[in-house]
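There are 4 protein chains.
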Amino acid sequence: MNAMLELGRDVLARQPFSGLLGAELVSFETGRAAIELPLRAELHQQNGFAHGGVVCYLADNALTFAGGSVMGSAVVTSEFKINFLRPAQGERLRAEADVLRAGRSQAVVRCEIYALQGAERILCAAAQGTITPLAAPRERG
Amino acid sequence: MNAMLELGRDVLARQPFSGLLGAELVSFETGRAAIELPLRAELHQQNGFAHGGVVCYLADNALTFAGGSVMGSAVVTSEFKINFLRPAQGERLRAEADVLRAGRSQAVVRCEIYALQGAERILCAAAQGTITPLAAPRERG
Amino acid sequence: MNAMLELGRDVLARQPFSGLLGAELVSFETGRAAIELPLRAELHQQNGFAHGGVVCYLADNALTFAGGSVMGSAVVTSEFKINFLRPAQGERLRAEADVLRAGRSQAVVRCEIYALQGAERILCAAAQGTITPLAAPRERG
Amino acid sequence: MNAMLELGRDVLARQPFSGLLGAELVSFETGRAAIELPLRAELHQQNGFAHGGVVCYLADNALTFAGGSVMGSAVVTSEFKINFLRPAQGERLRAEADVLRAGRSQAVVRCEIYALQGAERILCAAAQGTITPLAAPRERG
């Protein structure tokens, strides 16, 4: 495993919520990140699909990691939008995020969330958002 | 407890992911919904704040419930955007969603997410999205 | 007319595109801005309503002015989202923008766009976005 | 010129606002559309770049045309979000929109807006939105 992926996994391991959900950083390089999440009943909504909040978690986190890959680890997702395209169901979900443009003050990132079932891969959501450097404590407080 | 709130709580109780997080529907009337979530360490990111995915879960679900309050329970969040304004920390989070405009094919809803600590209430995120009727199985498949 | 409104009108007057459309800054105070636009056939789409691009122009500009009212005039709209609620038709459109939260690095602003016809006022779109300080030339180049 | 492009150009020609701005539909096929706009001083904001409203117009219209290419001409942009990446300057702007997913009730579309100067092509904005069938008059009224 390369050093950058190892670093990213350390960050993810320090997020208790990512542990509760069971997310795995599967790819992390300059300008891109991919996070996967095995699905289980606890992550469902009332119709047996992954809850929208689970899909949002993946989008939010993949966007942040992709932005952090070019801006450093002290970043936050400032905002994003997500469109849900199909019910999220299968063995696992996979979020892939790619930086469209990075500057000193922000990175703009897109993300696609896929449902994986065997060899099949279905696009189930698409997101776009802004990653910014973590502001000084006074600013965020 | 009124019949509408009871109905809404039944729906929430059938969402395993809402149970995993510990969300409570605290208000549900025509055109509005409020969901609260007691914070605990399992819901944090690496800096001790609620994870962005937790805040997104609340926004997504409150938007859906508010939309459902005017369109019926068979609805989904089609899309939304969220801006994170301040770190989400405190005893609990509270999402309040209000319908801006509802028609036959969609409801547009806004939501604010507050961090509650004692008597204090801090706005920490704002969302806006579209709720649509759940399409027939063929459409969503 | 107060000094702040006068300042804002000077900025608007230096935007050729705002002149082409005929926009007027009708209110400008700390944390808020309102821009109006008399409708005419040139601003229509094919069904006789104001073109979505006209509504977007108003949202974009009102968001920027509201953000600028708290951050200074050297700001840009970094991003926004807009939901169209009803066809935009009437004598004029009016965009009202209010700052939700302003810090040193960004302001988050909401905006509603109304169609005005006589005494009637119909909500036809809602927007939410981020205003940031204009970056140094090297950053934006 | 193929029949589909001709049809699309007829629709654009019936939008007075597109005529005022000078937009040209340069490509139109199933699932995609590209619109170009020669820049001139009238379309600027106060710093000599294309006004954000001009960029939004292009995004909005390209999204609608791409959605309409798979759903028929009676469609509207229901909502979209846009991130501005760089100042929009050059000889012309070009918006390229691609459908991510189309169903009976909506199409989700992404769009990139480029500034063109000679052989150079610079990405200056990215958008994502939802196209829906034009509702019956009672619904939209």
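Going down the list, the protein sequences come from chains A, B, C and D.
Mapping of the first sequence onto this note's numbering: position 21 corresponds to residue 42, and the numbering continues sequentially without gaps.
Mapping of the second sequence onto this note's numbering: position 114 corresponds to residue 135, and the numbering continues sequentially without gaps.
Mapping of the third sequence onto this note's numbering: position 110 corresponds to residue 131, and the numbering continues sequentially without gaps.
Mapping of the fourth sequence onto this note's numbering: position 94 corresponds to residue 115, and the numbering continues sequentially without gaps.
We put the beta carbon where it would ideally sit given N, CA and C, even for glycine.
Neighbourhood of residue i by C-beta, 6 Å cutoff - its chain only, sequence neighbours within 5 removed
i      : result
L26/C  : F49
A83/D  : A54, I56, A116, A118 and C132
R30/A  : L46
V75/D  : L64
P108/B : F70
R125/B : none
CB contact below 8 Å: residue i versus chain A
i      : result
G139/B : no
P154/B : no
V32/B  : yes
8 Å Cβ cutoff, residue i in contact with chain C
i      : result
E160/A : Low local confidence applies: a pLDDT of 43 at E160/A is under 50, so the model's placement there is unreliable, with the coordinate-based value given in what follows. So yes, E160/A belongs to the interface.
R131/D : no
G73/D  : yes
F86/D  : no
Cutoff 8 Å: residue i Cβ touching any chain D Cβ
i      : result
T151/A : yes
N104/A : yes
R53/A  : no
A157/C : Per-residue confidence for A157/C stands at a pLDDT of 48, beneath the threshold of 50, marking its modelled position as unreliable; the derived number appears in the next sentence. So, not an interface residue.
Test item: CB-CB of residue i and residue j under 8 Å
i      : j      : result
N104/C : A71/C  : no
R35/C  : Q110/D : no
T153/B : S99/B  : yes
L114/A : L58/A  : yes
L28/B  : V96/B  : no
F38/C  : H65/D  : yes
L41/D  : E63/C  : yes
A24/D  : L33/D  : no
D81/D  : G73/C  : yes
Proximal residues of chain D, C-beta to C-beta of residue i below 8 Å
i     : result
L28/C : What L28/C touches in chain D: nothing, since even the nearest Cβ is about 13 Å away.
Under 8 Å from the C-beta of residue i: neighbouring residues of chain C
i      : result
S99/A  : Q127 and T151
Q110/D : Result: empty, since nearest Cβ-Cβ is about 10 Å, beyond 8 Å.
Residues near residue i by beta carbon distance below 8 Å, same chain, minus five either side
i      : result
R122/C : A128 and V129
V91/D  : T51, G52, V120, A123 and A128
K102/D : A148, Q149 and G150
R61/B  : G43
Chain B contact for residue i (CB, 8 Å cutoff)
i      : result
R14/C  : Outside the displayed span of chain C (22 to 162) sits residue 14/C, for which this structure offers no information.
R142/A : no
A44/C  : no
L64/A  : yes
L114/A : no
Own chain partners of residue i with C-beta closer than 7 Å, once the 5 adjacent residues on each side are dropped
i      : result
G162/B : Because G162/B carries a pLDDT of 32, less than 50, the predicted location of this residue cannot be relied on, and no value is offered for it.
G88/A  : V96, V120, A128, V130 and I152
Y78/B  : L42
Contact list for residue i against chain C, beta-carbon separation under 9 Å
i     : result
Y78/D : H72, G73, G74, V75, C77 and Y78
Contacts of residue i in chain C (Cβ-Cβ under 7 Å)
i      : result
R122/D : Per Cβ cutoff of 7 Å: no residues; R122/D is ~18 Å from chain C at best.
Neighbouring residues, chain A, relative to residue i (Cβ below 7 Å)
i     : result
N82/B : G74
Chain D residues whose Cβ lies nearer than 7 Å to that of residue i
i     : result
L35/C : A quick correction: the sequence has Arg, not Leu, at residue 35/C. Result: Q67.
L58/C : Those within 7 Å of L58/C in chain D number zero; the least Cβ separation is about 11 Å.
Partners in chain A for residue i, counting only beta-carbon separations shorter than 9 Å
i      : result
A147/D : L121, R122, V129, R131 and Q149
8 Å Cβ cut-off: residues of chain A touching residue i
i     : result
V47/B : Going along chain A, no residue has its Cβ under 8 Å from V47/B, so there is no contact; the nearest lies around 17 Å.
Residue-chain proximity (residue i, chain G), Cβ-Cβ < 8 Å
i     : result
D81/A : No chain G is part of this structure, whose protein chains are labelled A, B, C and D.
Practice task
Evaluate contact between the segment 135-153 of chain A and the segment 136-144 of chain B, counting only Cβ atoms and requiring at least three cross-stretch pairs below 8 Å.
Solution key: no
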